[in-house]
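Residue numbers (my numbering), protein chains in the order written: chain Y, 1 to 506; chain L, 507 to 1012; chain V, 1013 to 1518; chain C, 1519 to 2024.
Glycine is no exception: its CB is placed at the ideal position from the N, C-alpha and C atoms.
In this text, all values refer to a predicted model and were calculated from it rather than measured experimentally.
Protein chains: 4
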Amino acid sequence: MTTLSATDFSTVLSHCGIDLAAHQGDDITVRSPIDGATLAQLAALPVAAMPAVIDRAAQAFQQWRLVPAPVRGELVRLWGEELRRSKADIGQVVSREVGKILQEGLGEVQEGVDICEFAVGLSRQLHGKTIVSERPGHRMMEQYHPLGPVAVITAFNFPSAVFAWNAALALVCGDPVVFKPSEKAPLSGLATFKALEQAIARFGDRAPPGLAQIVFGHSDVAEALVDSPQIALVSATGSSRMGRAVGPKVAARFGKRILELGGNNAMVVTPAADLDLAVRAIVFSAVGTAGQRCTSLRRLIVHRSAKAALLEKLLKAYVSLRIGDPLQAGTLVGPLIDRAAWDAMQHSLAQAQTQGGTVLTGGQRVLAEQFPHGYYVAPAMVDMPAQTPIVQHETFAPLLYVLTYDTLEQAIDWNNGVPQGLSSCIFSNDLREVETFLGAAGSDCGIANVNIGPSGAEIGGAFGGEKETGGDRESGSDAWKQYMRRTTNTINYSRELPLAQGIQFG
Amino acid sequence: MTTLSATDFSTVLSHCGIDLAAHQGDDITVRSPIDGATLAQLAALPVAAMPAVIDRAAQAFQQWRLVPAPVRGELVRLWGEELRRSKADIGQVVSREVGKILQEGLGEVQEGVDICEFAVGLSRQLHGKTIVSERPGHRMMEQYHPLGPVAVITAFNFPSAVFAWNAALALVCGDPVVFKPSEKAPLSGLATFKALEQAIARFGDRAPPGLAQIVFGHSDVAEALVDSPQIALVSATGSSRMGRAVGPKVAARFGKRILELGGNNAMVVTPAADLDLAVRAIVFSAVGTAGQRCTSLRRLIVHRSAKAALLEKLLKAYVSLRIGDPLQAGTLVGPLIDRAAWDAMQHSLAQAQTQGGTVLTGGQRVLAEQFPHGYYVAPAMVDMPAQTPIVQHETFAPLLYVLTYDTLEQAIDWNNGVPQGLSSCIFSNDLREVETFLGAAGSDCGIANVNIGPSGAEIGGAFGGEKETGGDRESGSDAWKQYMRRTTNTINYSRELPLAQGIQFG
Amino acid sequence: MTTLSATDFSTVLSHCGIDLAAHQGDDITVRSPIDGATLAQLAALPVAAMPAVIDRAAQAFQQWRLVPAPVRGELVRLWGEELRRSKADIGQVVSREVGKILQEGLGEVQEGVDICEFAVGLSRQLHGKTIVSERPGHRMMEQYHPLGPVAVITAFNFPSAVFAWNAALALVCGDPVVFKPSEKAPLSGLATFKALEQAIARFGDRAPPGLAQIVFGHSDVAEALVDSPQIALVSATGSSRMGRAVGPKVAARFGKRILELGGNNAMVVTPAADLDLAVRAIVFSAVGTAGQRCTSLRRLIVHRSAKAALLEKLLKAYVSLRIGDPLQAGTLVGPLIDRAAWDAMQHSLAQAQTQGGTVLTGGQRVLAEQFPHGYYVAPAMVDMPAQTPIVQHETFAPLLYVLTYDTLEQAIDWNNGVPQGLSSCIFSNDLREVETFLGAAGSDCGIANVNIGPSGAEIGGAFGGEKETGGDRESGSDAWKQYMRRTTNTINYSRELPLAQGIQFG
Amino acid sequence: MTTLSATDFSTVLSHCGIDLAAHQGDDITVRSPIDGATLAQLAALPVAAMPAVIDRAAQAFQQWRLVPAPVRGELVRLWGEELRRSKADIGQVVSREVGKILQEGLGEVQEGVDICEFAVGLSRQLHGKTIVSERPGHRMMEQYHPLGPVAVITAFNFPSAVFAWNAALALVCGDPVVFKPSEKAPLSGLATFKALEQAIARFGDRAPPGLAQIVFGHSDVAEALVDSPQIALVSATGSSRMGRAVGPKVAARFGKRILELGGNNAMVVTPAADLDLAVRAIVFSAVGTAGQRCTSLRRLIVHRSAKAALLEKLLKAYVSLRIGDPLQAGTLVGPLIDRAAWDAMQHSLAQAQTQGGTVLTGGQRVLAEQFPHGYYVAPAMVDMPAQTPIVQHETFAPLLYVLTYDTLEQAIDWNNGVPQGLSSCIFSNDLREVETFLGAAGSDCGIANVNIGPSGAEIGGAFGGEKETGGDRESGSDAWKQYMRRTTNTINYSRELPLAQGIQFG
């Protein structure tokens, strides 16, 4: 058996700089989805302690905003070094704690490394614009300044990378961070945070106390962050249901937010698709991470003429998928995060059948004898006659609905016909199809790919989606602007006071 | 007497293409703040009619989004021509309806002209980024696509320009508009809208029906827009109280919003200021538009050493201000919008005195005999011992609080020590003072100016503010991005399917 | 007969504000390529007069650079209005003077209108960047400032638009212009210039004398501009031979230049092409403007499998082309500019045959009886066995070489295997082919299109090419930056003097 | 004595990975300016070997351009790591070889580290624009693609950093580099290059052979690079005389170039200056690197009212400058590079006196006994009555001319009244003075600073100057664009073929 023994896991944690004793408590039990083993018992922060946490962040902001951005970048560079150094260890923690295969655990840490390097580059940019003025002896410019403390509230499925995405940008932008990891994955978060602590230690006293804090806790702790007027930006990853609660709360106090919520991501496979490429992409994006990525493929919209051939290849691939211990080399599908996930999947499967669907493969629990406390499931594929209500619903599991289309217009309508708007893709070698899908009347998602699956974004682009996905963006392009405040400046250096729009006054 | 006679006003309206008979009704009585004369009696749209309005906009969107942006720009160019042609007339409607002096009425229309020309330029840009990919045979890009119907809900004080700001960008960005003008200023809105209708007529059938609609009505009509999932973007100008209600509603349905809310704008006058320049700026920005701009100067933060000299000059200027009929040449201060505004100002004056303030000048009603139904007020200046609660409150009237500071740090603290964050400025010829004020630890407002007042922004910069001002931006720079949706595209044109972050799968 | 009579032409000129008497002289005889009729006899400026011209421009610069950019934009807006008003007239002058069909003459003026509107938008942007500094109490920014007098030296084939492209940007950027039109097309240039003069007159005295000047003359006049250290930017359109002379001269005096030189533009037609679309594009781009655009299609690189079908369609289209008086409705191919052009085409045809080519159609002179002094030619197509020397040479005539390829790599090699690098395109509906053509190992040209011909660029993109085409860009995107100088500013507002790179000194 | 002994130097070289034996030859004698000691005897590459070198680069380009940019960034990241690791050693080589104080030697390497990190960030950007099209079913974009082999020809005074600046960007942009270091400083170049070689070794076979090459040699070797049509970009640092030769040559073959040539940099000290700050800045920028930076301060333009006070402080500072062995802690002024530099300085001093100047201090050789073969000089200050010819000339030595002004306009005229246009600065706390200096009618230099000296740029801004300085830019902002080629793409994915500008054809 491959799964890390308690001793080995303890060693890995120790490599990550984690001393569990320091966090010991009765509030949060961390169990591995692999085998149900208890990995840790942690103390939650009482909500009464939150004001002090937030105050520390606010104090840190007063100093950190004045540290030059390239110097702040130096801290993030050191963090990237630490993550690179600890990649193997953090990857194992992720894998053990949330059950994703080691390759993906490592990939998460790599995303952290990548975003740190990207952020270091940004630390000498953070460009506003200089702007010409309509008035003589005047000039205009806009500057981006640090915003304030940022709360990063993450979900279990990217317990390391999402914190890194947010914190790397926030720190470079001049903002302290308060990190609330998912109760299901606090150790991965802690391991990633420890690397940052290590970097801060090397960086020295240019980093104020309270620059980066981690808080373990339940939803009340998250709510304290959401509601605090001192938290300038709430960056929260989770369900659309969560976002529907958080968004209005933050709006009511005129705060800023980044919401990365549910996805219900589709792939359109046209007659002009390279089917072998499509099959590889479908398998990775539908069953990878056991279907528990926000960008996981959930809906396969295939042209009637290509359906039979595609399904034949797909079913063959599904059958040969190695399901099991994610730490074992060769495993492609690990366990679901917990029993609730398994129940939800079963519920959706039942609904799908009620709504006219035919299960083509999978859906049953496997390895139950080997792992009585692990919820391993054979990835399911369900042929649906139409985009029924259950298809419009995000089920966080390896459950792929197959829809059959006749015209590209119909395929795009289906792609867009769900409340979520995160990711989407088309497989086609036909330029017109592809560009139509990417165009103004094409996919309405924040991400629209061609000949790659909906998941696995590079950090250089802006990541996020429309509609119930939240509408905000993380990671690359100009996502950093959300972590700063813009000020528009008009400077008059003449001795006159002309008014804009040519107004004469007095 | 200068104020437009009923006959002349009727002619002006007719020049603007307005036929009041077509809007006749009992719901909204439009009165001129100049003399209380009834200008029109208008029918409100029953809220039951809103779904059809919104549907029309949604239908229009299906077509308009596919019209090439430079062609959309041509419509906006024509609108600019129409506004230019009708400038004198619309300016008079504005002046008559909301009581601002004619120069400012004309200035508003000029802003419309300016934003149209700016938007025409944008119509060949709307730039996203092309981005390099980490994978061979891949490339990335981001595109901005039309967003959907935009509701523009405006306040009385910029009854023409704010609609133009929003609609010019929205139309170029591919979005239909539904315009709900303030019940206090529907005619100015209608005049501006008519110019757009005229442009649409010239533009011809490339513009779908329902591309631009105006709705008169009460708050229920506005709420129908705020709550509709078909309204992609709600752009609302008004009080922070309004924004506190609208923001959460729009957030709850995952809509987008631009909120332009209250301001409580300060000027810091340092010992290094050109006092004569400062006086001119203070007068314009504190008493212009009778203090009813969201960017009006409300707080004067003056260094102790400069206070006496500044106040002497200021009081001299205040005394000589010509208050009266805003259509009369030479008038600088017109009436308040209505009695409620007068009451609110009186309330604030009383509060200020209770909180330790000394009225230096003004505050009394004037011209009451000549205009028994017009609320003309002598602009007030109140010396305050500290930034008391009333000073932190926005009073929409020509009421200027004077605060005395000793260190620049204190001045900046006061500048920032209010819930609003719209505009601010410093008068100083001292580089260090100026740059400190503009820097990361300086003014926390969306606008921070130097040696010009807080009001009167040019359209080339992003306009808007932080904190209770709403956090969003209109007009120049990249404000247009809020009227579009971004899609991040990764295109694989190779025959391989490498995964990001170097993940190996299968 | 349609061609404008002398009387009618005189009327058209007069509509354009041209009084030929004012330019009367013996130096330049302007003949219409349509029928050889003499349109004007103009005086050339003696080269000795050039220093004064250039001085005037330099004087004008001292003032114009201080006029705010949006105000400069207002002048360009007026110019756009004038061009719009005179579109029909200027289009006729262009057509009569250089022989392009009226549709294209009008299209040229429309380009002027478009660039003016684009430039007006720019006049509120001209964005540099604000940049964060590594030192506390420091900030950085870059500003773009006016550059100095710009010389615009144009060729006969875009006698109106190229001046407008350059002058609209130059004027908005704060630079006076000196315009030297081609000796073959001075009237079209003058008509376009007169519209600018008209705009300047309306604009009033904010425009300094000498802001825009036109000079007729021979190469010595152009050389005076090229060599003058007072001419900050030489924007010259013409042959690569010309550019090879101009480039070093300007470089030797550390001037700036925009060179738009020869093109030898190819289209790759793959098996996945829509052949009907391709045929339309080939015809327009190979025979339009009688093959005298710098972006004219000169090389057709067709896949062996598609060749027969394509040629069949093409030859059918070629046969039905209406050749004749370009002012006559329905004409698609007008005359060559002059006898030298005809000779050069004949020479190339002969060379092509010597080098193994087979003339598929055309090449003979037509309408010689009707127009004994007009050089009308049947557009030629020559099948070539390989990319021989003559194929690598730009012949400014409707002469299309056909090359047959087997692999896309070979097609791209051929596309790139000429000294010029202006424009190129691929016709294909195959995504991989298309993206490969647009990618890093694809076309090496400044313009690479998909499913449209190489000619007919929109003004929103940067226009220009690599290699012997000159390497510079005009028109859209950030081409305006070439008309300005950049200054990088670091501002220290602290009381310390830290050094970059952490250097300790003293 | 501090200067590195031969043995110690040999150890340092060896730490840098340099084996002198491998480069042994009779062609180039490397002497330390510190004491004239021979550091190495190197073989020059015969010019006949250059075609093979260039071919290797061209071959490497075929592969390197297809390596994804973020992967190329990984190589540059490794280079940054190597430079960081070798910082102390390379810094010593620089110091020993060109005589700059160790602090500055280290600062150079730090610049290399900084630019590598900046370039890594760029490696996920390299943004072009997506652009809306005027035609339905069309879109536009621009992409930046690798350009081709880049020759980097450097001068002695920044023997490490300038190579790093260029190569880091070139490599990330997809371009191989051929590095020709100054004959006076080949070892510093080699040490920097060795760090790159080490990075390439770690990077592995994704780097093609020939990706980075170093060539030692005389001007014929440089000329071979300048003249080769295979060298896409020549980036050359040196004198304006050199640039005047190189520029036309590259232009004649339609190549691209970055010229970083002479500077004649001024500081304006106004009555509103902080004189103590100014003195510190003057000393560092006038005598640092013994006045041998291209950005060294050469002209001090001081207001008449501030002159006496400033000079008093300055002369005091000059007198206390520690001149001597640059490797010794505390030394601020090292030797001139060679005897020719000393002669040139003497010549300029003589000229200055002939032209009316008064030597205020310095100019004499010092330490001649201790270092008979080292040219140490007391930094000179010469009071000049006007900006005479010698003042307009760049003397590469610690020779500062003092000019006295009365009006800011005159100061700016003098600042601009030289043929060079690299760097400039103003010391003033007066906003109007400062902004005027930075404005359109202010300094005409590529760099214009406020309250810091003209030298010591951060890598985040674009570095370079106007006029005889060359007109090009290196380092930050968008300087990377010069290392790439831009392609403008219009993609038609409709079934129609509309023409731009609304042209109807056929």
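Taking every protein chain shown into account, the CB of residue 814 (chain L) has fewer than 16 other CB atoms within 10 angstroms, so this residue is exposed.
With a beta-carbon spacing of about 7 Å, residue 1269 (chain V) and residue 1248 (chain V) fall inside the 8 Å limit used to define contacts. A Cβ-Cβ distance of about 4 Å is found for the pair residue 1007 (chain L) and residue 110 (chain Y), placing them in contact under the 8 Å criterion. The C-alpha of residue 1932 (chain C) lies about 14 Å from the C-alpha of residue 1954 (chain C). Every unbroken stretch of the alpha helix (DSSP H) spanning 4 or more residues and falling wholly within the stretch 1604–1690 of chain C is given here in chain order: 1605–1616, 1620–1640, 1679–1690. With the criterion set as a beta carbon lying under 8 Å from some beta carbon of chain C, the members of the stretch 1152–1166 of chain V are 1152, 1154, 1155, 1157, 1158, in sequence order. A distance of 7 Å or more separates the beta carbons of residue 286 (chain Y) and residue 277 (chain Y). Look at residue 1573 (chain C) here: in three-state DSSP terms it is helix.
DSSP, read as helix, strand or coil, puts residue 1266 (chain V) in coil. For residue 393 (chain Y), there is no enclosing beta strand (DSSP E), as DSSP marks it with neither H nor E. Under the 7 Å criterion on CB atoms, residue 1450 (chain V) is classed as non-interfacial with respect to chain Y. Taking a 10 Å sphere around the C-beta of residue 892 (chain L), we find fewer than 16 other C-beta atoms and assign the residue as exposed. DSSP places residue 811 (chain L) in no beta strand (DSSP E) but in the uninterrupted alpha helix (DSSP H) bounded by 810–825. In this structure, residue 1158 (chain V) places its C-beta atom within 7 Å of the C-beta atom of residue 1185 (chain V). Only those residues of the stretch 1118–1142 of chain V whose C-beta falls short of 8 Å from the nearest C-beta of chain Y are listed: 1135, 1136, 1137, 1138, 1139, 1140, 1141, 1142. Going by C-alpha positions, residue 355 (chain Y) is about 28 Å away from residue 465 (chain Y). Within the same chain, 38, 41 come within 7 Å of residue 29 (chain Y) by CB-CB distance, once the 5 residues on both sides are set aside. In this structure, residue 302 (chain Y) and residue 404 (chain Y) form a Cβ contact; the two beta carbons are roughly 6 Å apart against a cut-off of 8 Å. Here the alpha carbons of residue 1154 (chain V) and residue 1061 (chain V) stand approximately 38 Å from one another. For residue 1488 (chain V), the C-beta contacts it makes with chain L under 7 Å involve 630, in order along the chain. Residues of chain C with a Cβ closer than 7 Å to the Cβ of residue 639 (chain L) are, in chain order, 1586. At least one CB of chain Y lies nearer than 7 Å to the CB of residue 955 (chain L). Here the alpha carbon of residue 1386 (chain V) sits roughly 41 Å from the alpha carbon of residue 1067 (chain V).
DSSP places residue 1999 (chain C) within a helical segment (H, G or I) once states are collapsed to three. Counting along the chain, no alpha helix (DSSP H) covers residue 469 (chain Y), and no H or E run does either. In the three-state reduction of the DSSP assignment, residue 1235 (chain V) falls in the helix class. Bridge partners of residue 773 (chain L) according to DSSP: L:806, L:931.
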